[in-house]
């Protein structure tokens, strides 16, 4: 598997993890509705940029254009984040 494909699937898994973290954080920190969304987006962005610097350090020599490390998988990251955020947040609200 090429490093770009590995990076893509890492971003999918990180989106799922960030969605779960954001949903748990949003469920147990009840604030106003818009504040919950803003806090959840902030969690997703923090996870993305923190892991970007970690991935950049490990994949610097394997992926040649450095901008490709930032942009590869960004769409699927946020798609998987919002999908799992909604599923887990709804499940917590319904069953809790």
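In the working numbering, the protein residues as written are 17 to 112.
Quick reminder that beta carbons are idealized off the backbone N, C-alpha and C, glycines included.
If you're wondering where the values come from, they're calculated on a predicted model, not measured in any experiment.
Starting from the Cα of residue 110, find the closest Cα among 39, 82, 67 and give me that residue.
Of 39, 82, 67, the residue nearest in Cα terms is 39.
Please report the straight-line C-alpha distance between residue 96 and residue 28, rounded to a whole angstrom.
Approximately 6 Å between the Cα atoms of the pair.
Less than 9 Å between CB atoms is the rule here; does residue 25 satisfy it with respect to chain C?
Checking the listed chains, one finds no chain C in this structure; it contains a single protein chain.
Going by C-alpha to C-alpha distance, which of 79, 31, 77, 45 sits closest to residue 101?
The shortest Cα separation from residue 101 among 79, 31, 77, 45 belongs to 31.
If we call anything under 9 Å between Cβ atoms a contact, is residue 104 one with residue 60?
Not a contact, by the Cβ cut-off of 9 Å.
Here's a check: name, in chain order, each residue in its chain whose Cβ is nearer than 6 Å to the Cβ of residue 57, leaving out the five neighbours to either side.
If we look at residue 57 and ignore the five residues flanking it on each side, it has no Cβ neighbours.
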